[in-house]
Amino acid sequence: EVELPLTVGEYYLIYGDVDEDGFYDGRNLEGRYGLIPSNFIEAITNSNDLPETVRHIIQRLIGKVFSEEPMTPRRDQPLSIDSGAFLSNISATTPATYRKQLASTQNGNPSDILTANGLSFGKHVPCPTNLRVEKYLTTSILIAWNPPSIAMTQILGYQILLDHSLYTTICANERTRALIENININEKCHRISIRTITQHGLSRDQECTLLLTMSATNGNLNDLSYAPSDLRVDRINQTSAVVSWWPASNDIVHKLFVNDIEVQTLKAGVYRFKLSGL
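Number 189 in the working numbering belongs to position 189 of the sequence shown; there are no gaps in the numbering.
Structure follows, in structure tokens:
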């Protein structure tokens, strides 16, 4: 179970609190469960605001009519719209958090927007592709990448991160290339990530990332470590858990094992998965 695809104007059932990565556990009105990004949804606090057809679908999904009785939200029990599991729909406009953060810079120049603090990650912000090292130098590297293959919104630029810290920012009208200086792969591994910057927020670091390391066997600086790192297991309960990791490259396919048994093959670019039925 992974992130649910979201559609503008659709309704979703949300369970529990948002996690530290900004995702809710939820389901769509077709009954499919998954992770839902918090920054593209808005709560429907009054069930009377729902269309009648939507109310009937929800009542069928939760197995009861709407109730004023508070309940503790759990996936395996019926839920009230007025309980901790709330309805959300996808806003047709820019989320309020992003509007507020960009309000002071929207009338300025592009560089003002690119350096604005407080930009949040957005689920549907397209990520850069084909991050690669074009040249290795003594204490620096030249990297390049391609723009997002599908641009659903205007791209303002890119943030380049070295070892999880912002290194520099590239405007959208500049070449998608950068020189990373003062690094020594002989001494330690280095991780490079590229974020897309839009008025809807940033793409996520794990979606365009590359881990650089020297081969332990032949000292070849061009070798990559293919093993994922920073494996985490969060939101653990009796039947499910969310597994996440940092890929060495976004071109690598991963296999997920539980108790030494392969349970899922994940396509390249996936860095998060929800295990169910544990």
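Glycine included, every Cβ here is placed at the ideal spot set by N, Cα and C.
- Taking every protein chain shown into account, the CB of R204 has 16 or more other CB atoms within 10 angstroms, so this residue is buried.
- By the Cβ criterion, the region 153-171 is in contact with the region 186-202, since at least three pairs of Cβ atoms, one from each stretch, lie closer than 8 angstroms.
- Taking the CA atoms as reference points, L35 sits about 43 angstroms from T138.
- For P37, the pairing in a beta bridge is given by DSSP as F23.
- Contact annotation: R177 and I143 have beta-carbon atoms nearer than 8 angstroms.
- Listed as beta-bridge partners of I143 by DSSP are V133, A178.
- Taking 8 angstroms as the cut-off, the Cβ atoms of L202 and Q159 count as close.
- H200 and L6 do not touch by the CB rule: their CB atoms are close to 12 angstroms apart, not below 8 angstroms.
- Within the DSSP secondary-structure output, I197 pairs in a beta bridge with G157, L202.
- DSSP links T209 through a beta bridge to S193.
- Cβ atoms of S244 and Y271 come within 8 angstroms of each other, at about 6 angstroms.
- One thing to note: W145 has its Cβ no nearer than 8 angstroms to the Cβ of I183.
- Between the alpha carbons of S276 and I197 lies a distance of about 33 angstroms.
- Under the 8 angstroms Cβ criterion, the region 17-34 counts as touching the region 45-61, having at least three qualifying pairs.
- For G269, the CB contacts under 6 angstroms within the same chain, skipping 5 residues up- and downstream, are N250 in chain order.
- Boundaries cannot be given for H124, as no beta strand (DSSP E) includes it and DSSP labels it neither H nor E.
- Taking a C-beta distance under 8 angstroms as the contact criterion, Y24 and S47 do not qualify as a contact pair.
- I14: member of the beta strand (DSSP E) spanning 11-15, first to last residue.
- Counting the other CB atoms within 10 Å of its CB gives A43 a total below 16, which places it among the exposed residues.
- Note on geometry: alpha-carbon atoms of T153 and P126 lie some 8 angstroms from one another.
- CA-CA distance, N130 to C208, rounds to 8 angstroms.
- Assignment of D251 by DSSP, reduced to helix, strand and coil, places it in the coil class.
- Taken through DSSP and simplified to helix, strand or coil, Q238 comes out as coil.
- Distance between L13 and I261, taken at the CA atoms: about 32 angstroms.
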